[in-house]
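Converting from the sequence shown to our numbering requires adding 9 to each position, the first position being numbered 1.
Even glycine gets a Cβ: it sits at the ideal position worked out from N, Cα and C.
Presented below is the structure to which this report refers.
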Amino acid sequence: MRAKVMAMILVAGVLLLASGGVGLLGLERADGRLQALDRDGLQDVARLQQIDQLVTRSHQMLTSRAPVELLEQRGALITRLDDIETSLDSLWSAYRERALNHGDKADAFSDSLGTYLHEGMDQALDLLGSEDNFRVFADLPSHGEQMRDQGRELSSQVNALIKDKREAAATLADEASKAHQRMLTVLAATLGVGLLLLCVLGGLILRSLLRPLRTAEAFTLQIAAGNLAAESPSRQRDELGACWMRWT
Numbered sequence: 010m011r012a013k014v015m016a017m018i019l020v021a022g023v024l025l026l027a028s029g030g031v032g033l034l035g036l037e038r039a040d041g042r043l044q045a046l047d048r049d050g051l052q053d054v055a056r057l058q059q060i061d062q063l064v065t066r067s068h069q070m071l072t073s074r075a076p077v078e079l080l081e082q083r084g085a086l087i088t089r090l091d092d093i094e095t096s097l098d099s100l101w102s103a104y105r106e107r108a109l110n111h112g113d114k115a116d117a118f119s120d121s122l123g124t125y126l127h128e129g130m131d132q133a134l135d136l137l138g139s140e141d142n143f144r145v146f147a148d149l150p151s152h153g154e155q156m157r158d159q160g161r162e163l164s165s166q167v168n169a170l171i172k173d174k175r176e177a178a179a180t181l182a183d184e185a186s187k188a189h190q191r192m193l194t195v196l197a198a199t200l201g202v203g204l205l206l207l208c209v210l211g212g213l214i215l216r217s218l219l220r221p222l223r224t225a226e227a228f229t230l231q232i233a234a235g236n237l238a239a240e241s242p243s244r245q246r247d248e249l250g251a252c253w254m255r256w257t
């Protein structure tokens, strides 16, 4: 009986360790997927959206103003365009740091963005910084329109990149959901098998306890009925048998 009780305790301990291990493994993998979802999905999408907003803002600064306003505000426009160019370069460099963001669409957008920065914004800064006011008055509005057309093309490319990112994030979330279901299935199976073993061991222990008690009860009833020739129950070598030997 002692061996059965020890086996029952051992099964309970193994069951506890297994369920805890499965739970910790599931938490670790879920945390990894959440980090990947945040890094590959949310952060990248946020950078792309910021790039789109900055590109739109840069050409709208030129196309939404009359030539006279461009002349009057050239100092402020130069500062703001220079800040936007620096931010665009920083955001795109951060996006391209990981090999995951080196696909055909990303490479094409990188070329288009480089063209926009060098042929669009740098040229606009050169015009704004020119001492020839007539050049600013005559050339900058048309250049702003060219930047607007380039910006619209960049926006469509950004939307395509964002769409791919969202699809990848949805796939990752679906994989995380399936992995969660698999973890729950494994955990439920482990608990089910463990509980079954505990029930079997509990039944065996209960049977070991009840069998000698029933035998002793039957022997006692026969003696009480006057059957002095009743055969004494065989002595068990387990804990219950030791107790029976002390009683007798």
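**OP:** Could you tell me the distance, in whole angstroms, from the CA atom of threonine 5 to the CA atom of threonine 88?
**Re:** No answer is possible for residue 5: it lies beyond the span of the chain, which begins at 10 and ends at 257.
**OP:** Look at the Cβ atom of leucine 122, then the Cβ atom of leucine 97, and state whether they are nearer than 8 Å.
**Re:** yes
Subject >> Extent of the continuous alpha helix (DSSP H) to which alanine 75 belongs >> reply: Counting along the chain, alanine 75 falls outside any alpha helix (DSSP H), and DSSP gives it neither H nor E.
Original post:
What residue range is occupied by the uninterrupted alpha helix (DSSP H) comprising aspartate 94?
Top reply: Before going on, a small fix: residue 94 reads as glutamate here, not aspartate. Where glutamate 94 is concerned, the enclosing alpha helix (DSSP H) stretches over 83-104.
Original post:
In three-state DSSP terms, what is glutamate 140?
Top reply: Glutamate 140 carries a coil assignment under DSSP once its states are collapsed to helix, strand and coil.
**OP:** Report yes if the CB atom of threonine 72 is closer than 8 Å to the CB atom of arginine 144, and no otherwise.
**Re:** no
**OP:** State buried or exposed for valine 202, treating a residue as buried only when at least 16 other CB atoms are found within 10 Å of its CB.
**Re:** exposed
**OP:** Determine the direct distance from the alpha carbon of glycine 212 to that of arginine 220, and round the result to whole angstroms.
**Re:** 12 Å
**OP:** Would you give the residue range spanned by the alpha helix (DSSP H) that leucine 126 belongs to?
**Re:** Leucine 126 -> no alpha helix (DSSP H), and no H or E assigned at all.
Original post:
Helix, strand or coil for glycine 203 per DSSP?
Top reply: helix
Subject >> glutamine 68 (DSSP reduced to helix, strand or coil) >> reply: Sequence check: residue 68 is histidine here, not glutamine. Correct three-state label for histidine 68: helix.
Original post:
So what's arginine 157 in DSSP terms, helix, strand or just coil?
Top reply: helix
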